[in-house]
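The numbers in the sequence shown follow this note's numbering, run straight up by one, and end at 84.
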Amino acid sequence: MGGWQNALDKIDVEREPRYEYTKQDCIGALQEAAEELGEDPTQHSYQRLDILPSAATIQSRFSSWKAAKAETDVIARSVRNWI
């Protein structure tokens, strides 16, 4: 069938609209989380904040959670706040 979404389309099933988040959306969300937490957000602490996009979406946009944080400069900004 070519995947779950294609199968649902073929049998005409109504489904929730899918939201596509860009890398920029993910970067903004990680920066927001770092500001709210006052530190480098872990996946667990990020999920507790209930910010969108989800941690899983962020991880899928980048090669890993660590790579996402490195690209957003979250780690460096968190360290600077302690200095």
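Glycine included, each C-beta is placed from N, C-alpha and C at the ideal position.
Outcome for residue i when other beta-carbon atoms lying within 10 angstroms are tallied against a minimum of 16
i	result
Ala-68	exposed
Val-75	buried
Thr-23	exposed
Ile-12	exposed
Residue from the options with nearest C-alpha to residue i
i	options	result
Asp-26	Ser-61, Ser-65, Leu-53	Leu-53
Trp-66	Leu-31, Asp-13, Glu-21	Leu-31
Glu-21	Leu-9, Ala-34, Ala-57	Ala-57
8 Å contact criterion, which residue i and residue j should meet: CB distance rounded
i	j	result
Pro-71	Leu-50	Reading the sequence as shown, one finds Ala at residue 71 and not Pro. At roughly 20 Å, the Cβ-Cβ gap does not stay under 8 Å, so Ala-71 and Leu-50 are not in contact.
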